[in-house]
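Below is one structure; the comments refer to it alone.
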């Protein structure tokens, strides 16, 4: 239904059928409208956005990608009042995420359109280090004092809770705004009206530090299984909250970055549809050129064993099969380790435990694949069957261990383990595979 509606909207724009366009848009909710605008060209997106009411525009704008938000703002540059309404209606954390993606001059110009209160909040949030939890948080939450009764607390929530991003938890602070506790709204609602908040408190709470890295927030949400966590400074003063929807965005970004680094396309975190040819070329060419020179070693190894090849030409037929198996096993093992390290399933100290397990698993995998290649060689080149079986077992074991250990080594060196990329592992496995293959062949075949 969505695909049909999107194409219909674009067709109405091309035909300038404005009446039909408005009618079709009225059948879509704000999420569908956001997707239609996100997928459209710059012209189509701006036309669709201009047909939204202010209430719709507020909801839709916050669902758009940052790049599309920038397109909309630039397209409405001559309508400062409409841009100001959009920015002032955004949630503080969403507004911060949008502004920090813009060039400095553009961000400063847009901040002048904010109300004094919103500008002060934006300035404060943007003042935190890049990629810190402070950039994620919103100051829109509800806080009460320990001496409040439940009845007073509920009245306070009704009065001040309209702008709060979430009411799942109510925070208790002292006179200096130091965080004392966090109470689930259910606890407050079910308590008697005369009961004081201090009677419900256990002074146990989980929090985030505003200056910690955003990856720490992802780990904390997973560990504590919360939908919202408070953010404090080094003195425990409550500064804001971070909600799970922001964390999901960060987790997706981190996963994308890790995946792209693993493919040796570091920093290419924008959509391939939006990226220019030159951008994609620059992000890929350096790794590939570097690995070309690394792979020269494979050629040098083969050249060193020319005599072995001359005596058994059938070795050449199985060379790609063997070295590819090592690279595949290494990439598979590295993928599992990088994910485990990223989500905290394993720690750096666990490498020795995993090494023994990986040895056994890789041996079993190698023996299984050795049976397969032996079966093939029985028909093609039975004279080198033993060479192939031994080599396949050794190559799979070496590739698997390489893929398992490299992420730990990179972590120990304070480098992103995802940088232990698939091309790097494959290249190293290729060199070692060629060396193992011809060494075994020279020993067994003479």
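Residue numbers (the working numbering): -5 to 440.
Cβ coordinates follow ideal geometry from the N, Cα and C atoms, glycine included.
- Nearest to residue 115 by C-alpha distance, out of 361, 90 and 75, is 90.
- Apart from the 5 residues on each side of it in sequence, residue 88 sits with its Cβ closer than 8 Å to the Cβ of 56 in its chain, given in chain order.
- In summary, residue 294 is exposed, with fewer than 16 beta-carbon neighbours lying within 10 Å of its beta-carbon over all protein chains present.
- A Cβ-Cβ distance of about 4 Å is found for the pair residue 320 and residue 393, placing them in contact under the 8 Å criterion.
- No Cβ-Cβ contact shorter than 8 Å links residue 332 with residue 376.
- At the C-beta level, residue 173 and residue 167 come within 8 Å of one another.
- Assigned with DSSP and collapsed to three states, residue 123 falls in coil, not helix or strand.
- Beta-bridge annotation (DSSP): residue 214 is not paired with any residue.
- Looking at 292, 335, 397 and 38, the one whose alpha-carbon comes closest to that of residue 324 is 397.
- For residue 154, the enclosing alpha helix (DSSP H) has its first and last residue at 144 to 154.
- Going by DSSP, residue 396 is part of the alpha helix (DSSP H) stretching over 379 to 406.
- Looking at the DSSP output, residue 137 bridges to 165.
- Residue pairing by DSSP puts residue 224 in a beta bridge opposite 235.
- In this structure, the beta-carbon distance from residue 132 to residue 138 does not fall below 8 Å.
- Look at residue 76 here: in three-state DSSP terms it is helix.
- With fewer than three CB-CB distances shorter than 8 Å, the stretch 101 to 115 does not count as touching the stretch 197 to 214.
- A residue is called buried when at least 16 other Cβ atoms come within 10 angstroms of its Cβ; residue 235 meets this threshold and is buried.
- Just measuring C-alpha positions, the residue of 125, 101 and 127 sitting nearest residue 117 is 101.
- The Cβ neighbour count for residue 6, taken over all protein chains shown within 10 Å, is at least 16; the residue is labelled buried.
- Between the alpha carbons of residue 12 and residue 130 lies a gap of roughly 39 Å.
- Here residue 227 is near residue 233, since their CB atoms are less than 8 Å apart.
- Secondary structure of residue 219 (DSSP, three-state): coil.
- In the three-state DSSP reduction, residue 160 falls in the coil class, being neither helix nor strand.
- If you draw a straight line from the Cα of residue 119 to the Cα of residue 107, it is about 17 Å long.
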